[in-house]
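Numbering (the working numbering), first residue to last: 138 to 552.
Every residue gets a Cβ at the ideal spot worked out from N, C-alpha and C, and that includes glycine.
The structure presented is a predicted model; accordingly, all values stated were derived computationally and were not measured.
Have a look at the structure below, then the notes.
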């Protein structure tokens with residue numbers, strides 16, 4: 138039996154289900170319990186012709202220009218679990234298991250493709266085109282975890298969102314299919330979900346599955362039926378139900394509440410896996426309003442603070458949510474890989490860890506702390522609401538330190 142993929146959940150809500158004029162995106166990243174996620178920003182950049190970019194395991198051709206991105210990523214790798222770019226594109230990835238084993242040979246990780254799509258695509262469809270072209274050229278493969286003892290490999294699914302539409306992209310090797318969404322609510326998790334509504338696909342997809350004897354062409358082509366392992370035909374509806382039962386007018390707050398929901402399984406806290414980081418993005422359909430991206434940078438959203446980030450020029454960097462860098466001495470970069478595990482905890486992660494032990498040992502104190510944390514978060518949400526509903530154009534100076542200040546306030550509070 139192939140290893141189970143970590144049960145992350147990703148969501149998108151469009152009007153009329155979401156609050157008027159807003160597209161709301163969210164993801165919980167379920168990963169090995171002790172893995173640290175950092176939040177990192179990379180400015181837009183121009184690159185020399187012929188230059189290369191070093192991804193997690195392989196080097197590929199760089200493009201002439203990359204967009205500014207903000208990412209939440211396991212701190213040992215190059216790519217990201219989820220993130221956004223300056224053009225209001227958000228991408229999240231899911232590890233999935235298909236009837237074809239994923240390659241152990243080192244190629245692009247699904248998480249590398251998240252970052253590459255964001256750096257190179259100014260719309261959701263452009264990001265999708267980037268990802269499938271890179272899959273075709275380089276393939277996907279390599280260890281999904283920082284684990285020197287065994288290689289955990291998965292295929293990838295993606296939720297790719299912008300202000301107008303979303304694409305669900307599901308892959309097996311270099312083959313893929315995608316569905317376009319422009320209304321309602323959609324949830325994807327660690328199983329294939331595409332059925333017969335396919336709006337774009339690999340040109341050779343149907344010939345390939347025919348040649349494997351998985352589909353004879355007499356019935357409607359159903360992607361997840363054809364590609365899912367025999368014992369894995371379940372749906373990820375608990376996440377969708379969790380969002381739908383909150384009714385219309387889904388806002389950032391609604392999405393945060395859903396990501397905190399342990400009962401539905403959306404917020405993972407199991408023996409092997411934990412929600413190690415979360416994100417919620419609000420994209421106004423009016424392009425003159427800025428998108429707001431809320432990151433936790435800490436595990437378990439049920440006691441983490443979602444902190445807002447807005448793209449502006451010269452946005453202030455936040456070293457306190459960045460893990461230490463080990464350069465070329467990083468065991469993730471040396472072959473054989475992962476022979477040791479360095480301490481990758483950043484300052485916010487450590488402070489959060491100390492508070493967690495208080496929460497667990499003293500319930501009264503814990504509840505009091507939680508109330509103050511939620512109050513801090515609410516102030517941030519209300520300030521952002523004000524920015525989104527304002528008629529006048531945003532003054533960049535007002536938000537250049539936004540994420541930095543929120544992290545700083547959280548750290549002071551933890552101390």
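On the three-state DSSP scale, how would you describe residue i?
| i | result |
| --- | --- |
| residue 437 | coil |
| residue 275 | helix |
| residue 207 | strand |
| residue 284 | coil |
| residue 333 | coil |
| residue 456 | helix |
| residue 466 | helix |
| residue 430 | strand |
| residue 399 | coil |
| residue 418 | strand |
| residue 495 | helix |
| residue 451 | coil |
| residue 353 | coil |
| residue 245 | strand |
| residue 138 | Caution applies to residue 138, whose pLDDT of 42 falls short of 50 and renders its modelled position unreliable; the value that the coordinates give is listed next. Looking at residue 138 - three-state DSSP - the assignment turns out to be coil, as it is neither helix nor strand. |
| residue 197 | strand |
| residue 545 | helix |
| residue 155 | strand |
| residue 190 | strand |
| residue 377 | helix |
| residue 411 | strand |
| residue 202 | strand |
Within its chain, find whatever has a CB closer than 6 Å to the CB of residue i; leave out the 5 residues flanking it on each side and keep chain order.
| i | result |
| --- | --- |
| residue 229 | 147, 164, 219 and 296 |
| residue 342 | 312 |
| residue 260 | 299 |
| residue 140 | 289 |
| residue 503 | 496 |
| residue 427 | 447 and 531 |
| residue 533 | 449 |
| residue 268 | 250 and 254 |
| residue 150 | 161, 322 and 387 |
| residue 405 | 144, 167 and 412 |
| residue 487 | none |
Residue i and residue j look like a contact to me (Cβ under 8 Å); what is the Cβ gap, rounded to whole Å?
| i | j | result |
| --- | --- | --- |
| residue 184 | residue 199 | 5 Å |
| residue 285 | residue 475 | 4 Å |
| residue 327 | residue 231 | 5 Å |
| residue 226 | residue 291 | With a Cβ gap of about 23 Å, residue 226 and residue 291 do not count as contacting. |
| residue 419 | residue 525 | 7 Å |
| residue 517 | residue 445 | 5 Å |
| residue 254 | residue 293 | Rounded, the Cβ-Cβ distance is 11 Å, inconsistent with contact. |
| residue 383 | residue 391 | 5 Å |
| residue 158 | residue 421 | 6 Å |
| residue 181 | residue 203 | 6 Å |
For residue i, I'd like the list of residues in its chain whose CB is within less than 7 Å of its CB, leaving aside the five on either flank, ordered along the chain.
| i | result |
| --- | --- |
| residue 154 | 321, 322, 385 and 387 |
| residue 282 | 169 and 289 |
| residue 452 | 178 and 537 |
| residue 546 | 513 |
| residue 354 | 347 |
| residue 363 | 346, 351 and 352 |
Please state if the CB of residue j and the CB of residue i are separated by a distance shorter than 8 Å.
| i | j | result |
| --- | --- | --- |
| residue 393 | residue 536 | no |
| residue 250 | residue 279 | no |
| residue 143 | residue 410 | yes |
| residue 195 | residue 275 | yes |
| residue 389 | residue 161 | yes |
| residue 463 | residue 209 | no |
| residue 240 | residue 223 | no |
| residue 310 | residue 237 | yes |
| residue 376 | residue 403 | yes |
| residue 481 | residue 304 | no |
| residue 338 | residue 318 | no |
| residue 417 | residue 434 | no |
| residue 197 | residue 207 | no |
| residue 498 | residue 483 | no |
| residue 351 | residue 358 | no |
| residue 211 | residue 273 | no |
| residue 128 | residue 548 | Outside the shown range of the chain, which is 138 to 552, sits residue 128, and nothing can be said about it. |
Beta-carbon of residue i versus every beta-carbon of chain B: anything under 8 Å?
| i | result |
| --- | --- |
| residue 294 | Of the chains in the structure shown, none is chain B; there is only one protein chain. |
How far does the beta strand (DSSP E) with residue i in it extend, from its first residue to its last?
| i | result |
| --- | --- |
| residue 162 | 159-169 |
| residue 307 | 303-309 |
| residue 230 | 227-233 |
| residue 176 | 174-179 |
| residue 295 | 292-298 |
| residue 150 | 146-150 |
| residue 220 | 219-222 |
Alpha helix (DSSP H) containing residue i: first to last residue?
| i | result |
| --- | --- |
| residue 535 | 533-536 |
| residue 361 | 360-364 |
| residue 520 | 500-526 |
Using C-beta distances below 8 Å, list every residue in its chain close to residue i, excluding the 5 sequence neighbours before and after it, in chain order.
| i | result |
| --- | --- |
| residue 455 | 176, 178, 540, 541 and 544 |
| residue 244 | 194, 195, 275, 276, 277, 278 and 279 |
| residue 361 | 307, 328, 329, 330, 331, 332 and 370 |
Using a Cβ-based criterion (distance less than 7 Å to any ligand heavy atom), does residue i qualify as near the ligand GTP?
| i | result |
| --- | --- |
| residue 289 | Absence of the ligand GTP from the depicted structure is noted, as is the absence of any ligand whatsoever, leaving it without description. |
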